[in-house]
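Asks: Dropping a structure here in structure tokens format, bear with me for questions.
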Amino acid sequence: MCLGLFILFCYFIFTNATHFNGGTIGWAPVDPYDNSTSVKITITQSYSWTYPYIKCANNVPISTSAFASANTNLTCVVDCSTDGSYSSAPINILTDCASTSSSLKMMTSEKSKNVTLSAGAHFYLAYRGSAWVGLNDPAEKNLDWSIVTYIDLRKRSDGFINTPPVAKVVSPQYAIVNKTIQINIPVSDVNAGDDERCRWSTYTTGYRRRKRSHEKENENQTKDREIIHIRKKRACAVSCWLSCSCNDSVCSGTDCSGLTCNKFICSSTAATTTGIITTTETPGTPKSTSTFPVRQAVDECADICYPDSVPSGTSLSDCTVTFTGYKAGIWYAVAIQVEDFIDSTSMIPMSSVPVQFLIYVQSQPACSKEPIIIPPDRCLEVQVGISISFNLSAMNLCNPSVATLTDILVSSGITSMTHGNLTQSSTNSSIYYMTFTWTPQTNQVGSQQLCTTAYTSENLQSDQYCVIFTVKNSSDTCVTTATSMSTTTSTTTTSTTTSTTTSTTTSSTTSTITSSTTTTITIASSTTSTTSTISITTSLSQISNSESLNYLSLVLGLGLGLGIPLMFFLGAVAITLPDELKL
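Per the working numbering, the very first residue in the sequence shown carries number 12; after that it's consecutive.
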């Protein structure tokens with residue numbers, strides 16, 4: 012009986028520990044120039060889940076029966092006295108399924124909700140929960156997450172409310188054992204000129220403000236606070252269930268003594284470096300006292316703080332993570348904060364956006380050639396209210412009998428942009444594409460970034476490809492006039508992979524500029540004798556609004572340019588003429 016209860020409990024822990032893959036929480040003012048006493052903002056939550064364990068439906072994750080009671084709220088965790096009344100009407104963490112990948116066993120969900128806060132509000136908002144998949148080596152289970160965003164509605168020094176940067180990463184990322192990879196965090200910011208920076212998420216201790224009449228008491232509380240804040244990760248590999256016999260094999264290695272166990276025992280309980288036993292920390296906002304106003308700790312990473320959550324040598328520079336996994340089959344978690352500053356000299360962030368994701372280290376694949384993404388064959392300037400449709404293609408560089416292209420995932424999408432299923436090209440079996448459709452809205456005027464990654468059946472991923480669309484109110488946009496793709500097949504005895512690009516541009520004195528770009532990609536596999544060559548030619552025609560050339564100015568310029576030297580030349584000739592030829 013005891014063994015059965017133990018197995019059931021372990022099953023629950025295991026399944027509950029594999030559903031969450033990370034995510035981000037962003038926000039933006041609806042009107043950055045709002046000068047009223049209340050400000051409406053949009054809070055957007057984006058999360059990644061294990062699929063199909065978590066169902067693709069609305070109200071993720073409670074739409075999955077195993078997590079029917081998993082609903083909770085985004086909670087104010089720090090500076091809640093200036094949260095603009097958010098805590099009186101918090102929003103929940105439920106999101107709606109946005110995309111799935113059966114091959115990668117992952118699903119993304121997202122939802123945006125509007126809230127109205129008092130002008131000048133500034134506070135930290137968090138989604139806290141448990142548990143990650145078993146992380147690190149040896150694997151540690153039941154680790155918590157804490158995804159924290161910083162909201163600040165105070166006016167910037169240049170007079171309006173800040174809009175934070177947007178950053179998303181596909182989770183999980185895949186790394187080949189003993190191979191160094193670089194994971195770029197795509198960051199976009201609608202506030203031109205802001206300086207965006209990335210840093211590791213951290214745990215910053217809180218504090219109590221001192222009061223002289225209780226200086227000694229406060230000194231002791233400070234010591235206790237330090238004990239509480241020094242936490243160790245939990246691991247429950249060997250456990251003993253309440254009322255089970257201490258002689259049972261499952262209690263081996265625990266502190267169970269006597270005939271029966273009188274509590275649930277975990278072989279590695281949370282402890283402090285001083286050996287003093289403390290209670291397990293409960294997510295939420297601890298109450299403050301009026302005697303000693305408290306600023307709570309800012310916990311941006313919970314149990315996945317750098318450097319303990321990644322292999323040695325992992326670094327972060329210019330929003331790029333450099334990572335090397337030294338053992339296959341291991342999961343790691345990364346927690347990063349993306350912040351924006353008013354300029355490159357400022358040290359005070361205007362906002363902070365979390366990005367958390369998983370990295371899985373896999374063994375060497377049969378084909379180590381990464382797929383490549385072919386840029387879209389269209390103009391990147393679009394008009395508000397005018398629908399566009401374009402294809403984004405990827406090429407498999409492996410022999411199809413070894414690995415196929417299975418997915419093109421959107422790592423950073425554009426609101427209201429949708430896409431169809433992955434489709435194989437009818438003219439070349441190595442090329443797959445997705446059709447994207449989008450109608451830009453007025454609130455999207457400016458730059459909008461789309462980032463994608465292609466995957467093979469061996470989870471080998473391409474370099475992340477990002478494209479920036481420029482949304483305009485006017486119809487002054489470039490127009491694609493001609494696009495062609497040709498495919499040829501030949502026989503070869505060599506193994507090569509080459510990519511060449513040639514571009515030509517011609518300009519005339521009229522107001523039409525024509526550009527022609529030809530891209531040739533050649534691929535061959537050493538295991539076959541087939542070489543495929545794809546040639547894509549795109550001609551773009553852009554109508555310029557500039558005025559026609561002033562030909563009168565051109566004539567006058569030529570006259571002045573040639574006339575003065577000509578006068579000097581004739582004068583010199585006249586001086587050298589014989590007297591009889593002079594007038």
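Beta carbons are placed, not taken as given, at the ideal position from N, Cα and C, and that holds for glycine. From a predicted model like this one, the values you see are computed outputs, not experimental measurements.
In three-state DSSP terms, what is P382?
Replies: Position 371 of the sequence shown holds residue 382. Three-state result, P382: coil.
Asks: Cutting at 6 Å between CB atoms, please list the residues of its own chain near I425, excluding the five before and the five after it.
Replies: In the sequence shown, counting from the first residue as 1, residue 425 sits at position 414. Result list for I425: Q459, L461, in chain order.
Asks: Once the 5 residues before and after M361 are set aside, which same chain residues still bring their CB inside 7 Å of it?
Replies: Counted from its first residue, the sequence shown places residue 361 at position 350. Excluding residues within five positions, the ones whose Cβ falls inside 7 Å are D163, R167, N173, D351, F352, I353.
Asks: Does the distance from the C-beta atom of I158 to that of P387 stay below 9 Å?
Replies: Looking up residue 158 in the sequence shown gives position 147. Looking up residue 387 in the sequence shown gives position 376. Contact flag unset, no.
Asks: Tell me, please, whether the region 333 to 347 touches the region 209 to 219 by the rule of three or more beta-carbon pairs shorter than 8 Å.
Replies: yes
Asks: Taking the alpha-carbon of P43 as reference, which of V201, I385, K179 has the nearest alpha-carbon?
Replies: As a position in the sequence shown, residue 43 is number 32, starting the count at 1. Nearest C-alpha to P43: V201.
Asks: Looking at the structure shown, is Y444 part of a helix, part of a strand, or coil, going by DSSP?
Replies: Position 433 of the sequence shown, counting from 1, holds the residue named residue 444. Note: Y444 maps to strand in three-state DSSP.
Asks: Starting from H430, follow its DSSP beta bridges and name the residues at the other end.
Replies: As a position in the sequence shown, residue 430 is number 419, starting the count at 1. BP columns for H430 point to F447.
Asks: Give the C-beta separation of A443 and T450 to the nearest angstrom, bearing in mind that I take them to be a contact with Cβ-Cβ under 8 Å.
Replies: If you number the sequence shown from 1, residue 443 lands on position 432. If you number the sequence shown from 1, residue 450 lands on position 439. The sequence shown places Tyr at residue 443, rather than the Ala named in the question. That belief does not hold up - the Cβ atoms of Y443 and T450 are roughly 25 Å apart, past 8 Å.
Asks: For T53 and W38, which I take to be in contact (beta-carbon distance under 8 Å), what is that distance rounded to the nearest angstrom?
Replies: To locate residue 53, count along the sequence shown from 1; it is residue 42. To locate residue 38, count along the sequence shown from 1; it is residue 27. So it is a contact: roughly 7 Å between Cβ atoms.
Asks: Beta-carbon within less than 8 Å of I196's beta-carbon, same chain only, minus the 5 sequence neighbours each way: which residues are those?
Replies: Counting from 1 along the sequence shown, the entry for residue 196 is found at position 185. Correct list, in chain order: A178, V180, C209, C330, T331, V332, I347, V349, V366.
Asks: Under DSSP, the beta strand (DSSP E) around K124 begins and ends at which residues?
Replies: What you label residue 124 is simply residue 113 of the sequence shown in a count that begins at 1. Segment 117 to 129, the beta strand (DSSP E) holding K124.
Asks: M406 bridges to which residues according to DSSP?
Replies: Start at 1 with the first residue of the sequence shown, and residue 406 comes out as number 395. Bridge partners of M406: I383, I442.
Asks: For S112 and D418, which I take to be in contact (beta-carbon distance under 8 Å), what is that distance rounded to the nearest angstrom?
Replies: Numbered from 1 along the sequence shown, position 101 holds the residue referred to as residue 112. Numbered from 1 along the sequence shown, position 407 holds the residue referred to as residue 418. So it is a contact: roughly 5 Å between Cβ atoms.
Asks: Would the region 133 to 145 and the region 67 to 80 be scored as touching if the rule is three or more Cβ pairs under 8 Å?
Replies: no
Asks: Which class does S552 belong to by DSSP, given the choice of helix, strand or coil?
Replies: On the sequence shown, residue 552 is found 541 positions in, with the first residue counted as 1. Because S552 carries a pLDDT of 39, less than 50, the predicted location of this residue cannot be relied on, and the following value inherits that uncertainty. S552 falls in the strand class under three-state DSSP.
Asks: Once the 5 residues before and after P322 are set aside, which same chain residues still bring their CB inside 8 Å of it?
Replies: Taking the first residue of the sequence shown as position 1, residue 322 is located at position 311. Closer than 8 Å at the Cβ level, and outside the excluded window around P322, lie F334, T335, G336, Y337, Y343.
Asks: In three-state DSSP terms, what is N454?
Replies: Position 443 of the sequence shown, counting from 1, holds the residue named residue 454. The DSSP-derived three-state label of N454 is helix.
Asks: Which residue or residues does DSSP assign as beta-bridge partners of E392?
Replies: Counting from one through the sequence shown, the residue named residue 392 turns up at place 381. Per DSSP, T481.
Asks: Measure the CB-CB distance between Q375 and G340 and report whether it falls below 9 Å.
Replies: In the sequence shown, the residue the question calls residue 375 occupies position 364. In the sequence shown, the residue the question calls residue 340 occupies position 329. Taking 9 Å as the Cβ cut-off, Q375 and G340 do not qualify as a contacting pair.
Asks: Please report how far the alpha carbon of I104 lies from the alpha carbon of N82, in whole angstroms.
Replies: Counting from 1 along the sequence shown, the entry for residue 104 is found at position 93. Counting from 1 along the sequence shown, the entry for residue 82 is found at position 71. Cα to Cα, I104 sits roughly 7 Å from N82.
Asks: What are the start and end residues of the beta strand (DSSP E) that includes W38?
Replies: Here residue 38 refers to the residue found at position 27 of the sequence shown. Taken as a continuous stretch (DSSP letters only), the beta strand (DSSP E) holding W38 covers 31 to 40.
Asks: How long is the line joining the alpha carbons of M358 and I36, rounded to whole angstroms?
Replies: As a position in the sequence shown, residue 358 is number 347, starting the count at 1. As a position in the sequence shown, residue 36 is number 25, starting the count at 1. M358 and I36: Cα-Cα distance of roughly 22 Å.
Asks: Identify every residue that forms a DSSP beta bridge with W143.
Replies: For the purposes of this step, residue 143 is taken as the residue at position 132 of the sequence shown. Paired residues: none, contrary to the question.
Asks: I want to check one thing, is the minimum distance from the CB of G95 to the heavy atoms of the ligand MG below 8 Å?
Replies: Although the ligand MG was asked about, the structure shown includes no ligands whatsoever.
Asks: So P183 and L369 are in contact, right, with Cβ under 8 Å, and what is the actual spacing, rounded?
Replies: For the purposes of this step, residue 183 is taken as residue 172 along the sequence shown, with counting starting at 1. For the purposes of this step, residue 369 is taken as residue 358 along the sequence shown, with counting starting at 1. Confirmed, Cβ separation roughly 4 Å.
Asks: From the DSSP output, read off the bridge partner residues of K166.
Replies: Walking along the sequence shown from the start, residue 166 turns up at place 155. DSSP, once it has assigned bridges, lists I172 as partnering K166.
Asks: Check the DSSP bridge columns for C67 and list the partner residues they point to.
Replies: The sequence position of residue 67 within the sequence shown is 56, counting from 1. Looking at the DSSP assignment, C67 forms no beta bridge with any residue, so it has no partner.
Asks: By alpha-carbon positions, which one of P382, Y58, T160 ends up nearest to D107?
Replies: In the sequence shown, residue 107 corresponds to position 96, counting from 1. Cα-wise, what sits closest to D107 is Y58.
Asks: Between the Cα of N470 and the Cα atoms of D487, F480, L420, Y476, which residue gives the shortest distance?
Replies: For the purposes of this step, residue 470 is identified with residue 459 of the sequence shown, where counting begins at 1. Of the candidates D487, F480, L420, Y476, the one whose C-alpha sits nearest the C-alpha of N470 is L420.
Asks: How is S495 classed by DSSP in three states: helix, strand or coil?
Replies: Within the sequence shown, the letter at position 484 stands for residue 495. A caution first: S495 carries a pLDDT of 39, below 50, which makes its placement in the model unreliable, though a value can still be read off. Of the three classes helix, strand and coil, the one that applies to S495 here is strand, per DSSP.
Asks: In whole angstroms, what is the alpha-carbon distance linking L85 and K124?
Replies: Here residue 85 refers to the residue found at position 74 of the sequence shown. Here residue 124 refers to the residue found at position 113 of the sequence shown. Spanning the two alpha carbons is a distance of roughly 12 Å.
Asks: Within the continuous beta strand (DSSP E) that includes L416, where are the two ends?
Replies: Stepping through the sequence shown from its first residue, residue 416 is reached at position 405. First-last of the beta strand (DSSP E) with L416: 416 to 423.
Asks: Roughly how many angstroms lie between the CA atoms of S423 and T463, to the nearest whole one?
Replies: Within the sequence shown, numbered from 1, the residue matching residue 423 stands at position 412. Within the sequence shown, numbered from 1, the residue matching residue 463 stands at position 452. Near 7 Å, if we compare the C-alpha coordinates of T463 and S423.
Asks: Where does G204 land, buried or exposed, given buried means 16+ other C-beta within 10 angstroms?
Replies: To locate residue 204, count along the sequence shown from 1; it is residue 193. The residue in question, G204, is exposed, as its Cβ has fewer than 16 Cβ neighbours within 10 Å.
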